[in-house]
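Working notes for the structure below.
There are 6 protein chains.
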Amino acid sequence: MKKGVTFCEVGEQFSDFLLIKSSTRGTASNGKPFLTLMLQDQSGEIEAKLWDAGPEDETTYKAENIVKVLGDVQSYRGRQQLKIKKIRPSTDTDSVSIADFLETAPQPKEELMDEINSCIFEMKNSNLQRVTRHLVKKHQVAFLEYPAATKNHHEFVSGLAYHVVYMLKLAKSMCSIYPSLDADLLYAGVILHDLGKTTELSGPISTQYTVEGNLIGHISLMVTEIADAAKELDIHTEEMTMLQHLVLSHHGKGEWGSPKPPMLKEAEILHYLDNIDAKMNMMDRALERTKPGDYTERIFALDNRKFYKPFYQNQS
Amino acid sequence: MKKGVTFCEVGEQFSDFLLIKSSTRGTASNGKPFLTLMLQDQSGEIEAKLWDAGPEDETTYKAENIVKVLGDVQSYRGRQQLKIKKIRPSTDTDSVSIADFLETAPQPKEELMDEINSCIFEMKNSNLQRVTRHLVKKHQVAFLEYPAATKNHHEFVSGLAYHVVYMLKLAKSMCSIYPSLDADLLYAGVILHDLGKTTELSGPISTQYTVEGNLIGHISLMVTEIADAAKELDIHTEEMTMLQHLVLSHHGKGEWGSPKPPMLKEAEILHYLDNIDAKMNMMDRALERTKPGDYTERIFALDNRKFYKPFYQNQS
Amino acid sequence: MKKGVTFCEVGEQFSDFLLIKSSTRGTASNGKPFLTLMLQDQSGEIEAKLWDAGPEDETTYKAENIVKVLGDVQSYRGRQQLKIKKIRPSTDTDSVSIADFLETAPQPKEELMDEINSCIFEMKNSNLQRVTRHLVKKHQVAFLEYPAATKNHHEFVSGLAYHVVYMLKLAKSMCSIYPSLDADLLYAGVILHDLGKTTELSGPISTQYTVEGNLIGHISLMVTEIADAAKELDIHTEEMTMLQHLVLSHHGKGEWGSPKPPMLKEAEILHYLDNIDAKMNMMDRALERTKPGDYTERIFALDNRKFYKPFYQNQS
Amino acid sequence: MKKGVTFCEVGEQFSDFLLIKSSTRGTASNGKPFLTLMLQDQSGEIEAKLWDAGPEDETTYKAENIVKVLGDVQSYRGRQQLKIKKIRPSTDTDSVSIADFLETAPQPKEELMDEINSCIFEMKNSNLQRVTRHLVKKHQVAFLEYPAATKNHHEFVSGLAYHVVYMLKLAKSMCSIYPSLDADLLYAGVILHDLGKTTELSGPISTQYTVEGNLIGHISLMVTEIADAAKELDIHTEEMTMLQHLVLSHHGKGEWGSPKPPMLKEAEILHYLDNIDAKMNMMDRALERTKPGDYTERIFALDNRKFYKPFYQNQS
Amino acid sequence: MKKGVTFCEVGEQFSDFLLIKSSTRGTASNGKPFLTLMLQDQSGEIEAKLWDAGPEDETTYKAENIVKVLGDVQSYRGRQQLKIKKIRPSTDTDSVSIADFLETAPQPKEELMDEINSCIFEMKNSNLQRVTRHLVKKHQVAFLEYPAATKNHHEFVSGLAYHVVYMLKLAKSMCSIYPSLDADLLYAGVILHDLGKTTELSGPISTQYTVEGNLIGHISLMVTEIADAAKELDIHTEEMTMLQHLVLSHHGKGEWGSPKPPMLKEAEILHYLDNIDAKMNMMDRALERTKPGDYTERIFALDNRKFYKPFYQNQS
Amino acid sequence: MKKGVTFCEVGEQFSDFLLIKSSTRGTASNGKPFLTLMLQDQSGEIEAKLWDAGPEDETTYKAENIVKVLGDVQSYRGRQQLKIKKIRPSTDTDSVSIADFLETAPQPKEELMDEINSCIFEMKNSNLQRVTRHLVKKHQVAFLEYPAATKNHHEFVSGLAYHVVYMLKLAKSMCSIYPSLDADLLYAGVILHDLGKTTELSGPISTQYTVEGNLIGHISLMVTEIADAAKELDIHTEEMTMLQHLVLSHHGKGEWGSPKPPMLKEAEILHYLDNIDAKMNMMDRALERTKPGDYTERIFALDNRKFYKPFYQNQS
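Residue numbers (the numbering used here), protein chains in the order written: chain P, 373 to 688; chain C, 373 to 688; chain V, 373 to 688; chain Z, 373 to 688; chain R, 373 to 688; chain H, 373 to 688.
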C-alpha cells in the first residue's frame, strides 16, 4: 500500500492522485492570482499553492475534483506544504473515485452495524430495546456514513458508528466490573447519544453544521426524536425519561452543552465513556505521526496539551 | 385590609388566621418534641415553634391546614419569628379557605389571559400564531395558576402568566423603539419561553420539581412540545426552528441552562426581557419591606447583592 | 446615493473617493517598500496595498488625506481587500471634504440635543436636573460629536449622543411599565453615564484613548465631575451620591470596570439599558451586511457569537 | 446479620453496641454540660447527644471506646440523630472489639494482595516491575489497611487496596480494547498512584492528615519514593521518569493538585480510571441508602449533585 | 500585665472588666428571653449568653457599656464562649474607660504621625508633597484613629496609620533595592491609598460602612479628593493623574474593586506592598494564638488556608 | 560601547557582528528558498530574511554561527526587522566569540556567588545551612550560568543567580521589618526555590525544556533533591519538610504549578518575593525601551497589560 501524503517527510518528492478538499483564490504580492488548494488522501490533508492561476484554473481545480500531482514536501511556518511542480486533472482512464481519498473508519460499516445490532439484540428491557432499534433503523444510512464530528476526533467516514462501537466495548466491560449498572440503559444511551449528529451535520464529505445543527444542536434534536419514537411506539414508561436524560446530559456540564448535568449513575458513566474514546482517538492519531523521544503538536481539544512519545516501547 | 404577618415589626403582637405551609418535628434540648411551623398569609411567610408538641399536635398542625394564632413577633438570628401564645385549628364557622392565604399575582387571571390572547391575536405570521395559540390552549389552566419559579421571583399563584404579561409590555415597547425586530417571533418566544414550567413544577401550592422537571427541564420539554405541535398542525417552515431556538437559548448561556446561546437577535432580546422582569420583581418585593435609608437583605439570585432605599423620594 | 465601498461584492470594480484612515509602510518579499492603506467612506473601511511605493508616496498617501481610487474588490484570508489599479490624491476642484467620509449617526446632532434637552426639561427633581444640565452644557460640543466607543458599538460621529437618545427612549418605556422606578434619577444616569468619554477619548476622528482615559477611565472621571458640579452648584443632598453610584456601577461588575456593582434599582436598570442598546446596534449593523440564510461574522463583543438571518421576514 | 445503625428509619428503636468515633463537650442552654457523640458501626455513623454529662462521663464516653446504646432514631435538621435512652460502656464479657465497628472493604486484604501481586507478576518490563514490587513490599502493611481518603470515597479499612484492585480491572479491560496502551506502565501507575497516602494519612482509624501529608502531599511524597527506589535498585532508564510523571499528573490539573497535567497517553487514562472508580464508589454508596423514585443527598465531591434512583429495575 | 480574655484556655476561670461590643436579644427554647453579648478587651472578643434576661437587663447590658464578669471559658462548636457566673455594670469607682478595652496599634499615634510626616518631608517632588501633606492634614484626626478595615487585617484603633507606616518601611527598602522606582510617587501612593476609609467607615468603635462607603467606596472617594486638592492647590501636572491612578488601581484587579489594573511600575508595587503588610498582619495574629506543631484556624481572607507553626524555632 | 541592535530605530543602518540564534528555511512566493534568521547581540534579538538562499547558505548561516551584517532596520507588522544588504560569516581574524553576543546579568558570576555564599554563611540553623550549601555546591556551575526562565523574566546568562541575589536583598529587608519571620528558612527557600531549573532547562544557550523538565518540572525535581541531600547528610528534622514545602509551594497556587499552596508564613512571603523580583525585571526591561509619554508593548506574563512611562522624572 502506498504511503499517504501526510506521512511524507520534508524534502521528499510526492507523485500521486489527490482529492481537492477546498480551493480558494488569492492575490500574490506581485498582483497575480493564485489558488490555495487543500489536498487530501486517506492519510489526511496537505496545503498547496498554485501560482499564476488563470480563470480557467479556478474551474479546473475546484473542490471535490481529483488531480494528479508531482511536487516536493516542504515546511512552511512549522506545517508541511506541497510545492507543486506538475498538476493535471484526473481523467476517466485514471480509474480513481472520491471514496478512495476519504479517510474512513478502520472497520467496514457492515461490521459496525453488526456489532451495534448484536448489542441491541442482547437488551432485556423491551421498551429501551424497541426505541433504540426504531431510531437506529430510521437513521441507519446516515448513522453508518457520518463522521462523529467536524474536527478533533473521529472526523472520518463512518466515524460516528466506529465511535459508538468502541464505546459499547467500554460499556460492556464497565457493566461486568460494576454489576450495579443498568446495562440496557447504558447501551441505549451509548447508541443514541450522538445520533442527532445525522441532523446536526451536513454529511460525510466537506462536513458542515446545518441551520438546525447550529440553532438547536444534536442533543436537543435527539431528545425530541426519543419523545417522538416513544409516542409512535406507544411507550409511556419512566425509562423514556431516563433515556432522554442520558442523551441530554452526556456532555456533562452546562458550559459543554448539556442543559442538565448527569443525575443518573449511567448518565455519569456515559459521559466518561464518550470522553475516553474521543481522547484515545485524538491521542493515538497524534502519536502515530510522532517520533519516539518527541512530542505531538499541541492538541486544542485536549486543553492544548502536547503528548510525549517515549523511546522505549511496551505494548499491551 | 389587614396588614400581612411579614409586615409586623419586632415586638408587635399578631392575631389572625395563617396557613401552615410546612410542619417539621424536632426534639428540644430538654428531650421533648416540638414542631417547627412555617406559617403564611398573602404577604409571605414566618417561622414559629410549637413547644411540647404531642403526637396529636403533629396531626392537627400539619401542612395545608389553617390555624388561628396569637403571638409576638420576635427576632431570631436576624430573621423574624412568631412566638406562639395561643393556637387553634380553624373550623368551618371561621369561613376561611386556602386561597385566602396564598400570595397571588396582583391581576386576576382572566385579565392576564385577555392580555396574552390579544397579543396572539395581533400576530401577523400565521404559523407562529397557530403554534402559540395551540400550546397556550393545551396548557391554559396550569399556565394561569402556576408560579414562574419555586423561589426568587414570581413565586406566587399566577406568577407565570403575570411574568409573561409584563414581558409582553416590554417586548412591545422594544419593537416600537427598534423596528428591525421581528415582533411576532419575539411575542411567541415570550409567551412560550417558560410554559414548560407547567410540566417541570408540581403545581401552585407547595411547589416542587417533578422528576421530568429535574431530569429534562422546562427548556427541553418545551422544545419537544413545539416540535409536536408543529407536526400536529402540519407546519414545516423555518419559523418553527427559530421559535425552538428562542425557547432553547432564553437562559443565555450553557452554565445557566441553555444548550445554545442566543444566535438570533430576538433570542438575545428575549433573554434580556426575562432577566429585567425577574429582577424588577425581586428588587421591588425586597425594597417594599425596607425602610428609607436602609438596605434590603442580600438577594442570592442577584449575585448576593443588597439594595439601598434612598431617603428622598421621586417616582415615575 | 452611491453604494459604500463595504457593500461591494468580491469581483466588483470600485471607482470613487475614499479617505485614508491610516497608512503603514512595509517591505515586500522582493525587498521593495509598499504601503498598507486603510481606506474609508461612510459605509465603513477596506484595506488596500500600494506596491512599489517610493518616499514621495508616503507623503502623498498619508492618513486623513482623500484619494480617488479605481480598483477591484478581492478576497484575502476571508476579508475584502481593494486591489488598486489607479490612485491619485484629491484636489480642490474635486470638492470633497473629510466629513463626507466619516460614518455619522443617522440623526443630525441638533435633533439629538433637542431630545436630550426635552428630557432634562421634564425632570421634577431640581437637584438632579441642575447637575445634569450643568454637565451637559459644559461638554456640549464634544457630547454631540464623539463616538460612544473606539470600536464594537456606536463607533461613529455623534455615536455617544445617539446612544444616549435611544437609552432615553428605553428608560421612558421602562418607567411607564414599572412606575416604582425613579425616572429622574434614571434619566440623569442615562445622560451622564458615558459623558466621561469626552475626556477618555481623543475625539471623533482616528479615535484613541488619552492618558487620562487609560489610567483613570471615563467612569471615575465622571464621578469626580459630578462631585465638582455639585460643589459648584452648592448641592449637598443624597441624590448626588445616588447619581455618582449610577455612573460608577453602570458596567455592572468589577471585572467589567465598575468598582461597585449596582446597589440601587435604577443602577441595575441603567446597566441593562446600556447593554441592550449597545447590543442592538452591534447586531443590526452586522445583520445588515448578511444575506438571508447566512450568518454574521463572529462578533467579539457578543461573546464571539455569530447571528443567523432567517429567510422568511417579519418586521415590527 | 444485623441491620447497621444508618439503615434505621426515623422512629425506629435501636439497641446494640456502637463505637465512639469522637466525643465533644458542650454546654446546653440550661447551663449544664453535655456530650456530642459520633457513634459508628460498619454501616456508617450517627450523631447522639448525652445530656447532663458529668466529668466522669467525659472519661467513660471518649473516642475509641465501645458502648451499648438503647435509643430512638430521630430527624434533626434533615439528618438522622440517635436519642439516647440508655447507654453503658462495654465490658470484657461483651466480647466486642473495635474491628467489628469499622467499615471495611467487601474483600479480605489477602485477596486484594493476591490480585495486586498477580498483576505485578504479569508485567513484562522488568524495570517497572522491580520498582513496583519494591515499593509495594516496603509499604505492604499500610497499603492493605489504609483507606483511600478521609472522606468522599473508599474511606474505609483497606479502601486504598480495594480502590487499586478495581482500577486494575478497569486498566486490564482498557488495554485489551486499546492495544496501543503500554499496559506495564499503566499497571505500575495504578498500583503506586495513591501509595503516598500511607505517609499522608495517619492510619485506618480516626484518619487525619499528617504534617507531611498537609505540607508535601501524597503525590510529591511518592515521586520522591520512586526516585529513591530507582536509585536503590540502580535503574536509570526513561521508564522511571514516565512512572513519576504518571503519579505526578494523576489528579489531572493544577487546581486539583497535580503540578503537571498528563502528557503521556497512559497518564491521561490513569486519571480517568481513578475518577471512574471513585465516582462509582460514591454513587453506589449513596444510592444504596435511597429508595426508588427518590434522590440521594447532594454529594459535594460530585459537584454537589444529587442522583435519582428510578422505580423500574434493570441490572447488568 | 493581665492576660486578655482571648488567651484563656478552655476550663480556665476569668474575672475582669470587659466592654460590651454588641448585645442581641433572643428567646431560649424554654420561651424565656436571653442576651447574646459580644465582650471584648484589647486581646480580642468572646461571646457570652446572659440567660433569663429581663427588660431592665437589656438596658443595663447594652453595647458600649463596661461590665465586670466572673465566668468560665468553655468551648462551643469549636469556638470559645464565656459562661457567665456573675456580671455587674461598672461604676465610676471602677476607674475604667472604653479606650482600655479597644485593641490598639502597638505604636502610639504620635509616633505614627511622626514617621509619616518625616516621609512627606523627604519628598523631593513638591507637587506630590503638597497634595499629600494637604490631604493628610485635612483628615489627620481620623487618619490616626481609624482601623484599616472592619475585619481581616488591622481592624483596631490606629490600624490605618499603623498599616501605612509599615508599608512605608517596605517602600523605602524597595526603592533602595530597585533605584528605578519613583520614590516620591510610591510614598504618596502609600500614604493616600486607604485614606478614603475615613469616609468609607463610620469610625474606630463598632466600625460599619457608611452609605457613601457602600455606594461609592474609598477608592473612588479618594480619587475625587485628589482632584479637589490639586484644584485647590492649583497643581495641574501629570503627577496628579499618576497619583490618582495609584490609588485607583491599588486593589490590583477589577474583581477586587479597582476599575483599572496597575499601569505604572509604582502602582504595581503599591499593590504588592499593601498585600504583603495585610497578610503579615493576618498571619502573625493567627499564629500568635497557635501552639507549635499545630495549625491556625482557616483564614478566609487568605483563600481559606490554615497555616502551620513548626516546633523548632528560628527567628530573624 | 556600541548600541545594541534592538536599540536601533526604524530607518537606521546597522553594521556589526551578530550571533545567529536560529535559522529556518522557507519558500518565497516566487518559489525560491529563503532563510529566516533570528540574530542577536547582548541587547536582544531581531529577525532578518536572507532571500534566494542556496543549500550552501543553509550550512553557512546556521544557528550558533556569528555573522557580520550590514542592513537597514525596518518595521514589519509592528515589529522591527533587519533588511540585509551584506552578510558574511565571521572568521578567526574577527576575534569575536559567542559569549560576546549573549545577554548576561549585569553582575559577574563571581560576585553573585559571593553574595549567595555570604548569606549561607550567616545562617544560624545548621541543618538548613548544610543542606543549602550541599545543593548549591552540587549544582554550582549551572546555577551561575543558567537563565531563570526561557522567556518573560531573567532569560539571560546568570539570570538564575541574579534573580536569587535580588530576592535575598528583599528577604533581608523583610526580615528586619518583620522580625517574626524565620530568616534562615526564608534564605534557604530563596536560594533553592528555582535550583531545579538546572535540570529542567537545557542550558544557557538556545534554552529549551528537557524531558524531565516537561514531565516532572523544576519544583518536584528539587523536592526530591532536598530529600536526597537530607538523607545523605543524615538530617531527619522537621526543617527539611518545611524547606521542601517552601520549594513546593513557591508558585502559590495549583493552577500556577504548586501542588500545595503556601501553609507557612515564610512560604507565603517567598512566593511574593519571587513575584516582585520577576515583575520588576519585566517592567524595567520593557520601560527601558519606551519613550516618556508612551506605553510599553503588552506584556503577556503581566496579564497582558501595557505600562505607561510618565514625562516627568523622579527617581529614588
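Even for Gly, the Cβ is constructed at its ideal location relative to N, Cα and C.
Item: Rounded C-alpha distance that separates leucine 587/H from tyrosine 581/H; Value: 10 Å
Item: Rounded Cβ spacing between tyrosine 684/V and threonine 609/C (contact assumed at less than 8 Å); Value: 7 Å
Item: Per DSSP, cross-strand counterpart(s) of serine 447/R; Value: Gln452/R
Item: Residues sharing a beta bridge with glycine 416/P, DSSP; Value: Asp413/P
Item: Cα-Cα separation, isoleucine 591/P to methionine 546/P; Value: 24 Å
Item: Where lysine 663/P meets chain H, residues with beta-carbon distance less than 8 Å; Value: Residues of chain H passing the Cβ test: none, with the nearest at roughly 13 Å.
Item: Exposed unless 16 or more other CB atoms sit within 10 angstroms - verdict on glycine 383/R; Value: exposed
Item: Glycine 398/P: contacting residues in chain V (beta-carbon distance under 9 Å); Value: Gln446, Ser447, Tyr448 and Arg449
Item: Cβ-based contacts, 8 Å cut-off: residues of the segment 556 to 569 of chain H near chain D; Value: Absent from the structure: chain D. Protein chains present are P, C, V, Z, R and H.
Item: Residues near lysine 678/Z in its chain [Cβ-Cβ closer than 8 Å; skip 5 each side]; Value: Tyr667, Thr668, Glu669, Arg670 and Ile671
Item: Residue span of the beta strand (DSSP E) that contains threonine 570/Z, given as start and end; Value: No beta strand (DSSP E) contains threonine 570/Z, which is instead part of the alpha helix (DSSP H) from 569 to 572.
Item: Per DSSP, cross-strand counterpart(s) of serine 498/V; Value: Per DSSP, none; premise fails for serine 498/V.
Item: Own chain residues within Cβ distance below 7 Å of serine 530/P, not counting five before or after; Value: Thr476, Ala477, Lys481, Leu484, Leu516 and Glu517
Item: Residue span of the beta strand (DSSP E) that contains lysine 393/R, given as start and end; Value: 385 to 399
Item: Short CB-CB distance (under 8 Å) between aspartate 675/R and chain V; Value: no
Item: Neighbour list for glutamate 627/Z in chain H, Cβ cutoff strictly below 8 Å; Value: Lys625, Gly626 and Glu627
Item: Distance CB(alanine 521/H)-CB(glutamate 527/H) smaller than 8 Å; Value: yes
Item: Under 8 Å from the C-beta of lysine 404/P: neighbouring residues of chain C; Value: Residues of chain C passing the Cβ test: none, with the nearest at roughly 39 Å.
Item: Neighbour list for tyrosine 680/R in chain Z, Cβ cutoff strictly below 8 Å; Value: Val583, Asn586 and Leu587
Item: is_contact[valine 595/H, chain Z] using C-beta, thresh 8 Å; Value: yes
Item: Bridge partners - valine 619/R, DSSP secondary structure assignment; Value: Answer by DSSP bridge pairing: none, since valine 619/R is not bridged.
Item: Coarse secondary structure for valine 382/Z, derived from DSSP in three states; Value: coil
Item: Beta-carbon proximity list for arginine 661/R, same chain, < 8 Å, skipping 5 on both sides; Value: Thr378, Phe379 and Thr668
Item: Partners in chain V for glutamine 616/R, counting only beta-carbon separations shorter than 7 Å; Value: Ile588
Item: Contact residues within the segment 643 to 664 of chain V, judged by C-beta distance below 8 Å to chain C; Value: Tyr644, Asn647, Ile648, Lys651, Met652, Met655, Asp656 and Leu659
Item: Three or more C-beta pairs below 8 Å linking the segment 569 to 576 of chain H and the segment 621 to 634 of chain Z; Value: no
Item: Counterpart residues of lysine 421/H in DSSP-defined beta bridges; Value: Thr408/H and Lys455/H
Item: Segment contact, 8 Å Cβ cut-off, at least three pairs: the segment 653 to 660 of chain P with the segment 642 to 657 of chain C; Value: no
Item: For aspartate 666/P: DSSP bridge partner residues; Value: Lys681/P
Item: The ligand HEM heavy atom lying under 7 Å from the CB of methionine 546/H; Value: With respect to the ligand HEM, the structure offers nothing, as it holds no ligand at all.
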